[in-house]
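Sequence positions in the sequence shown follow our numbering and run 233 to 546.
Where is the CB? At the ideal position from N, CA and C, for every residue including glycine.
Below: the structure, in C-alpha cells.
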Amino acid sequence: MTAAISSPRRDVFLFSHPRTASNLLCHLLSNQPGWVETKYHFAGAFDLTRAGLDNGPLGALDTEKRKELDEAMSSGMQALEHDQQAAIDNNHNHLVKNHVAHVWQRPLLWQSIYPDNNDNYVRDDPSTHDINPTVFADDFFKTWQPIVLIRHPALVFESWYRAEIRVRPINVADKSWRLYTTLCYLRQLYDWLSARAYNNQSLAPVIMDADDILANGPAVQKLCELCGMDPSLVCSEWGTLNTGKILSSRHESYMSGFWNSKGIDKSKTAEGLDLQSKYTAWDEEFGAEVSAQMKVWVEEALLDYEFLKGKRLQ
C-alpha cells in the first residue's frame, strides 16, 4: 500500500511506542496556536494485525481476513489524508501521532515475528519494499518533520504489562505481544529516515527521550523551536483532563495514570535505575516466568535504546 499526501507545508509526525509518554508530550504541546493534533489513524488495522499474528504466519491468514486487513489499512490512510486536508483547509499546522507498529508494512511485521516464513504478500509498490518499512510512499516524508519517541525499555515493558494485566490475564508467550516489547521498529525507522535525510530526500528525524520530557528539561522547548512552535506555551501544570470517550476497560487502564495527573511526574524517569534490582522486583510482582521473559526483552532492546538515546535532542 502506498500513499502520498501533497502539501507545501512541513508538519510533524510523531512515531511513538506504547508507554513512551507520548500522551504527555502531546499534552505539553497542546496550547500551541495554529496547531491541531490527530492520532491513531491505523489503530483498527493494528487490532486486526494483532489477532492475525497469534494465528500463525501471514500465509495462514485466509483470503477474507487479508481483505479485511487491507480495507482497514485503506480506511486508516483515508482518515489521515482527511485530517491532513482539514488542517490545510483551516490553515493549521498538523501534529500527527501514530505508534510505529501501526504504520509498519504488514508483511514486515509478520516477518519480524515469524522470520522463517517468507509469505508472498507485499505492498503495491515492491520497488521500495526493502528500504521503506512503512505503509507510506517515500515522497510522503518530504512534507513532514519526523519525531521518534523512545524510553528505557525496562520502564516501557513494565508499564505495558501492568496496563494489560489490570484488565485481564495475558500470556507473554502470545506472538502478538512481541510488537509491544521491542524497540527494533523505532530503530529501523530512524535508520531509514536518516539515510533519506543524508541524501536530502527528507528532514532528518529528531529523537525525543521520555526521560528528557519527564525531567522537564530544555528538550521540549528545543523541539518547539525546531518545529516552529512557541516554547513559552509549553504546558507545565494542568487541572482535570478531559478523558474523552472511554473506548474500553483496556483503554482506561492505559490512560488512567495520565488522566489523573496534574503535571509532570519526574519520578517516572529512568534516573538511578538499577536493572538487577528491577528484575528482582519483577520476580516478586509478576512471578519468575514473566519476569524472566521481560528480562530477555529488555536485554534485547537495550542496544537499540542506547543507540537511539545517543542521537536524541537534549
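Length of the line joining the Cα atoms of Gln-420 and Gln-343: 14 angstroms
Alpha helix (DSSP H) runs wholly inside the region 406-459, at least 4 long, in chain order: 416-430, 442-446, 451-459
Limits of the unbroken beta strand (DSSP E) element including Asn-325: Element bounds for Asn-325: 325-331.
Distance CB(Leu-246)-CB(His-273) smaller than 8 angstroms: no
Straight-line Cα distance separating Glu-269 from Ala-319: 9 angstroms
Residues near Phe-539 in its chain [Cβ-Cβ closer than 7 angstroms; skip 5 each side]: Arg-419.
Contact check, Asn-263 vs Leu-465, beta carbons under 8 angstroms: Here Asn-263 is near Leu-465, since their CB atoms are less than 8 angstroms apart.
Beta-carbon contacts of Glu-300 that lie in its chain and below 8 angstroms, excluding the five residues immediately before and after: Leu-280
Ranges of the beta strand (DSSP E) found wholly within the region 239-287, counting only runs of at least 3: 243-248, 267-271
Contact check, Leu-415 vs Pro-385, beta carbons under 8 angstroms: For the 8 angstroms CB-CB criterion, Leu-415 and Pro-385 form a contact.
Environment of Lys-500 [buried if 16+ CB atoms lie within 10 Å]: buried
Collapsed DSSP secondary structure at Trp-470 in the structure displayed: Coil, per DSSP.
Residue burial classification, Arg-251 (beta-carbon count within 10 angstroms, cutoff 16): buried
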